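Q: Read in order, the letters of the sequence shown are residues 23 to 160 in our numbering.
Even for Gly, the Cβ is constructed at its ideal location relative to N, Cα and C.
From a predicted model like this one, the values you see are computed outputs, not experimental measurements.
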Amino acid sequence: MSFFGRKKKKETPISSASIITPATSIKGEIRCEGNILLNGEFEGTIISQGEVVVGKSGRVKGEIQASKLLVSGEFSGNFTGEVIDIMPYGKVYGDVKVNNIIIEPNAVFEGETKIVSGRIEREDISDVHIVQPKKIGY
Numbered sequence: 023m024s025f026f027g028r029k030k031k032k033e034t035p036i037s038s039a040s041i042i043t044p045a046t047s048i049k050g051e052i053r054c055e056g057n058i059l060l061n062g063e064f065e066g067t068i069i070s071q072g073e074v075v076v077g078k079s080g081r082v083k084g085e086i087q088a089s090k091l092l093v094s095g096e097f098s099g100n101f102t103g104e105v106i107d108i109m110p111y112g113k114v115y116g117d118v119k120v121n122n123i124i125i126e127p128n129a130v131f132e133g134e135t136k137i138v139s140g141r142i143e144r145e146d147i148s149d150v151h152i153v154q155p156k157k158i159g160y
């Protein structure tokens, strides 16, 4: 068996989500290309090319720019993106600029909505440099 002339398979990028777990509290800025699941507390700015999910135990205060925002917990601040979906018992306090808003029964929305047609302009995150985490030996 010969290995010469064998083409290497192209590696496909791994699609994963960043997860903020319950009992975790973070202040600052998050910039990422993938999805984010927030079940803890976050205060600051989130800029994502993917989807941001505020879970039932999640509390977010600040500004979010993403393609989609799904809220089951509580979000206070401004959102700019394609779609916002406020799930049952989800709470959104603030202003949203979207193509589409979905408010499920028993959801709370207090704020202003600006519905726009076409693509929403969001901040470019091309300057983001993602570093793989180091393995820690125990």
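Using the Cβ count rule (16 or more neighbours within 10 Å means buried), how would you classify residue 61?
A: The sequence position of residue 61 within the sequence shown is 39, counting from 1. Its Cβ being crowded by 16 or more others within 10 Å, residue 61 is buried.
Q: In three-state DSSP terms, what is residue 42?
A: Position 20 of the sequence shown, counted from the first residue, corresponds to residue 42. Correct three-state label for residue 42: strand.
Q: Quick check: what's the CA-CA separation for residue 126 versus residue 115?
A: Within the sequence shown, residue 126 is the residue found at index 104, counting from 1. Within the sequence shown, residue 115 is the residue found at index 93, counting from 1. Approximately 15 Å, taken between the alpha carbons.
Q: Which class does residue 138 belong to by DSSP, given the choice of helix, strand or coil?
A: By 1-based counting over the sequence shown, the position of residue 138 is 116. Residue 138 falls in the coil class under three-state DSSP.
Q: Is residue 121 helix, strand or coil by DSSP?
A: By 1-based counting over the sequence shown, the position of residue 121 is 99. Correct three-state label for residue 121: coil.
Q: Return the first residue and the last residue of the beta strand (DSSP E) that residue 100 is part of.
A: Your numbering for residue 100 matches position 78 in the sequence shown. Element bounds for residue 100: 96–108.
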